[in-house]
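Engineer: Top line first, the protein sequences correspond to chains A and B.
Note that our numbering has the first sequence beginning at 5, numbered continuously upward.
Note that our numbering has the second sequence beginning at 5, numbered continuously upward.
Got a structure for you, written out below as structure tokens; questions coming shortly.
Number of protein chains: 2
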Amino acid sequence: MSEEKYLQNYKKTLFESPLLTVDAVLFTYHQGDLKVLLIERSNHPEKGKWALPGGFVDEKKDRSLEDTVIRILKQKTSVEPPYIEQLYTFGGPDRDKRGWSVTISYTALIAHQACRSHIETVSNVDWMNVARAEKMELAFDHQQILYRARERLRQKALYSIVPAYALPETFTLPELQRVHEVIIGKPLQKKSFRRRIEQANLLIDTGEKRSEGGRPAALYRMREKSGDYTFVRNLEQ
Amino acid sequence: MSEEKYLQNYKKTLFESPLLTVDAVLFTYHQGDLKVLLIERSNHPEKGKWALPGGFVDEKKDRSLEDTVIRILKQKTSVEPPYIEQLYTFGGPDRDKRGWSVTISYTALIAHQACRSHIETVSNVDWMNVARAEKMELAFDHQQILYRARERLRQKALYSIVPAYALPETFTLPELQRVHEVIIGKPLQKKSFRRRIEQANLLIDTGEKRSEGGRPAALYRMREKSGDYTFVRNLEQ
Numbered sequence: 005m006s007e008e009k010y011l012q013n014y015k016k017t018l019f020e021s022p023l024l025t026v027d028a029v030l031f032t033y034h035q036g037d038l039k040v041l042l043i044e045r046s047n048h049p050e051k052g053k054w055a056l057p058g059g060f061v062d063e064k065k066d067r068s069l070e071d072t073v074i075r076i077l078k079q080k081t082s083v084e085p086p087y088i089e090q091l092y093t094f095g096g097p098d099r100d101k102r103g104w105s106v107t108i109s110y111t112a113l114i115a116h117q118a119c120r121s122h123i124e125t126v127s128n129v130d131w132m133n134v135a136r137a138e139k140m141e142l143a144f145d146h147q148q149i150l151y152r153a154r155e156r157l158r159q160k161a162l163y164s165i166v167p168a169y170a171l172p173e174t175f176t177l178p179e180l181q182r183v184h185e186v187i188i189g190k191p192l193q194k195k196s197f198r199r200r201i202e203q204a205n206l207l208i209d210t211g212e213k214r215s216e217g218g219r220p221a222a223l224y225r226m227r228e229k230s231g232d233y234t235f236v237r238n239l240e241q
Numbered sequence: 005m006s007e008e009k010y011l012q013n014y015k016k017t018l019f020e021s022p023l024l025t026v027d028a029v030l031f032t033y034h035q036g037d038l039k040v041l042l043i044e045r046s047n048h049p050e051k052g053k054w055a056l057p058g059g060f061v062d063e064k065k066d067r068s069l070e071d072t073v074i075r076i077l078k079q080k081t082s083v084e085p086p087y088i089e090q091l092y093t094f095g096g097p098d099r100d101k102r103g104w105s106v107t108i109s110y111t112a113l114i115a116h117q118a119c120r121s122h123i124e125t126v127s128n129v130d131w132m133n134v135a136r137a138e139k140m141e142l143a144f145d146h147q148q149i150l151y152r153a154r155e156r157l158r159q160k161a162l163y164s165i166v167p168a169y170a171l172p173e174t175f176t177l178p179e180l181q182r183v184h185e186v187i188i189g190k191p192l193q194k195k196s197f198r199r200r201i202e203q204a205n206l207l208i209d210t211g212e213k214r215s216e217g218g219r220p221a222a223l224y225r226m227r228e229k230s231g232d233y234t235f236v237r238n239l240e241q
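Shown next as structure tokens:
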């Protein structure tokens, strides 16, 4: 049989295959806390439980798995997150009551104000403090996915300025340091943090300043691709 | 409707879902070269092309995605690799002619002698020099998967002794250094390499020695979990 003929006769739906979903762990930073986006499930299974935003691949619309995640997050937040990275793929017979299932999980970051107005209008979508979410009984194995995403984010905060994606487009160095500290869970030395960031040349000084109580601090924005930069020594050292 | 009733009526096969496979990039070290296991495809699609070993989840047999990979690798090599790690999940409408498809890829390492006799008896399975495989027209997007696995392995060789899993259970320090050098693609300083490995206390001296031309060298084996150890500075420094 030729390949052409084989493909004409091939029907995916004739073979049993695990249920396939995509889930996103979307973080933001707001008022001193690291937060994660959760959805209260309105359908079976696990109806009524809080869950990570997720869904199925749309074979007509999506050209990649990242397209799927972005489409789902846009439905929930109205905007596309500036940072998205594949985290891990979980699979097994028991994680979903509908049967053997696989989910490809992603970590994403967004500024709180970027989607604030949209999220406030939707009743079953909310930002939850990560510390609180970690103690909730989330749907499926989402607790495990959240835990893994939290760990990955901690590594990112130690070795890169990826946490800046949880801030508005312009931010001060004390604000950036604060997000890093909240994610790492420890205070960082101000002088050393500032020097490391400056030496790596990751930020652009916008020329503007903002004062928050104290003296005015310079406003920065990220240089293009500076989220990809990895520090050789972590920022705690 | 209750969840129980919902689950009774739920049929996975009623929903179109991407084709789901698992692929493994199994590396070994033999006679000075890094090698990868390839299979000559005997079925459509891409019949006749060389491909990474892979296959479908068996919902009856497999309790996890790692079970799937191990089952498939055991079919090809007769043994279970001592090192296996999830690499990345690739998905899209064009990577497989049968339609929208997703593959969860894994990197694995094994000693050449552990499966030598089995592989020699099978006609369509072979170890290929990685440098050569990278120039071949592999099936599907397997060239891209191989490239990513090669990069991940390079990072592992810089920051851990994971490459030791491509050696027999006992090995000399010069042998371990050689595998690291082949994977990294650069010579390492002998004295510094030896000191770094010793300081991290990752190996157990078996008390035996082996001479290969020169003076006898001590034979080591890996301490339990020493593959998880990450050097703070990479081994080139």
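From the three backbone atoms N, C-alpha and C, an ideal C-beta is built for every residue, glycine too.
Using a Cβ cut-off of 8 Å (strictly closer), state whether proline 191 of chain B contacts chain A.
Structural biologist: no
Engineer: With a cut-off of 8 Å, does the C-beta of histidine 184 of chain A fall near any C-beta of chain B?
Structural biologist: Cβ-Cβ to chain B under 8 Å: no for histidine 184 of chain A.
Engineer: Let me know the secondary structure DSSP gives alanine 137 of chain B once reduced to three states.
Structural biologist: helix
Engineer: Pick out the complete alpha helix (DSSP H) segments inside the segment 56 to 115 of chain A, 4 residues or longer, and give them in chain order.
Structural biologist: 69 to 81
Engineer: Flag alanine 10 of chain B as yes if its beta-carbon sits less than 8 Å from any beta-carbon of chain A, otherwise no.
Structural biologist: It should be pointed out that residue 10 of chain B corresponds to tyrosine in this sequence rather than to alanine. Yes, tyrosine 10 of chain B counts as interfacial toward chain A.
Engineer: Any Cβ of chain B within less than 8 Å of the Cβ of serine 46 of chain A?
Structural biologist: no
Engineer: Does the segment 86 to 103 of chain A come within contact of the segment 17 to 35 of chain A, defined as at least 3 CB pairs closer than 8 Å?
Structural biologist: yes
Engineer: Where DSSP assigns a beta bridge to arginine 225 of chain B, which residues make up the other side?
Structural biologist: Arginine 225 of chain B is bridged to B/Ile208.
Engineer: The beta strand (DSSP E) spanning histidine 48 of chain B covers which residue range?
Structural biologist: Note, histidine 48 of chain B: premise wrong, no beta strand (DSSP E); not H, not E.
Engineer: For a test of the three-state rule: what should DSSP assign to alanine 143 of chain B, helix, strand or coil?
Structural biologist: Look at alanine 143 of chain B here: in three-state DSSP terms it is coil, with no helix or strand label.
Engineer: Per DSSP, what kind of secondary structure is threonine 234 of chain A in: helix, strand or coil?
Structural biologist: coil
Engineer: Helix, strand or coil for tyrosine 10 of chain B, going by three-state DSSP, please let me know.
Structural biologist: Here tyrosine 10 of chain B carries a helix assignment [DSSP, helix/strand/coil].
Engineer: Which residues in chain A have a C-beta closer than 9 Å to the C-beta of isoleucine 108 of chain B? List them in chain order.
Structural biologist: Thr93, Gly95, Val106 and Ile108
Engineer: Can you give me the start and stop residues for the alpha helix (DSSP H) that isoleucine 165 of chain B sits inside?
Structural biologist: First-last for isoleucine 165 of chain B: undefined, no H or E at that position.
Engineer: Count the other CB atoms, across all protein chains shown, that sit within 10 Å of the CB of lysine 39 of chain A; report buried if there are 16 or more and exposed otherwise.
Structural biologist: buried
Engineer: Per the DSSP calculation, leucine 38 of chain B is bridged to which residue(s)?
Structural biologist: B/Tyr33
Engineer: Using only alpha-carbon positions, find the residue among B/Ser105, B/Gly59, B/Lys53 and B/Glu50 that is nearest to serine 2 of chain A.
Structural biologist: The structure shown does not extend to residue 2 of chain A, since chain A is modelled only from 5 through 241, so no value can be given for it.
Engineer: Taking the C-alpha atoms as reference points, what is the distance between tyrosine 151 of chain A and isoleucine 187 of chain A?
Structural biologist: 13 Å
Engineer: From tyrosine 169 of chain A to glutamate 228 of chain A, what does the alpha carbon distance come to, in whole angstroms?
Structural biologist: 12 Å
Engineer: Please report the straight-line C-alpha distance between asparagine 205 of chain A and glycine 189 of chain A, rounded to a whole angstrom.
Structural biologist: 25 Å
Engineer: Got a sec, what are the start and stop residues for the alpha helix (DSSP H) arginine 182 of chain A sits in?
Structural biologist: 177 to 188
Engineer: Who are the Cβ neighbours of lysine 80 of chain B in its own chain at under 6 Å, not counting the five residues just before and after it?
Structural biologist: Pro57 and Val129
Engineer: Exposed or buried, which one is valine 126 of chain A when buried takes at least 16 other CB atoms within 10 Å?
Structural biologist: Exposed.
Engineer: Express the C-alpha separation of serine 215 of chain A and leucine 239 of chain B in angstroms, rounding to a whole number.
Structural biologist: Leucine 239 of chain B and serine 215 of chain A: Cα-Cα distance of roughly 45 Å.
Engineer: With a threshold of 16 other CB atoms inside 10 Å of the CB of glutamate 179 of chain B, please say whether the residue is buried or exposed.
Structural biologist: buried
Engineer: Kindly indicate if chain B contains any beta-carbon less than 8 Å away from that of arginine 67 of chain A.
Structural biologist: Interface criterion met: the Cβ of arginine 67 of chain A is under 8 Å from a Cβ in chain B.
Engineer: At a CB distance below 7 Å, what residues from the segment 143 to 168 of chain A approach chain B? Give them in sequence order.
Structural biologist: none
Engineer: Give the single residue among B/Asp66, B/Asp100, B/Ile123 and B/Gly96 whose Cα lies nearest to the Cα of glycine 103 of chain A.
Structural biologist: Ranked by Cα distance from glycine 103 of chain A, the first of B/Asp66, B/Asp100, B/Ile123 and B/Gly96 is B/Asp66.
Engineer: Who does lysine 15 of chain A pair with in a DSSP beta bridge?
Structural biologist: Its beta-bridge partners do not exist; DSSP assigns none.
Engineer: Do isoleucine 2 of chain B and alanine 55 of chain B have their C-beta atoms closer together than 8 Å?
Structural biologist: Limits of chain B in this structure are 5 at one end and 241 at the other, which puts residue 2 of chain B out of reach.
Engineer: Mind checking the segment 74 to 93 of chain A against chain B and listing, in chain order, the residues whose C-beta falls within less than 8 Å of any C-beta there?
Structural biologist: Gln90, Tyr92 and Thr93
Engineer: Report, in whole angstroms, the separation of the C-beta atoms of glutamate 7 of chain A and histidine 48 of chain B, which I expect to be a contact under 8 Å.
Structural biologist: Contact flag correct, Cβ pair sits at about 5 Å.
Engineer: What did DSSP end up calling arginine 214 of chain B once you bin it into helix, strand or coil?
Structural biologist: strand
Engineer: When you check each C-beta in the segment 16 to 48 of chain A against every C-beta of chain B, which residues fall closer than 7 Å?
Structural biologist: Lys16, Thr17, Glu20, Ser21, Pro22, Leu23, Leu24 and His48
Engineer: Is it buried or exposed, leucine 171 of chain B, if we count other Cβ atoms within 10 angstroms and call 16 or more buried?
Structural biologist: Buried: at least 16 other Cβ atoms inside 10 Å.
Engineer: Would the beta-carbon of aspartate 100 of chain A fall within 8 Å of that of leucine 23 of chain A?
Structural biologist: yes
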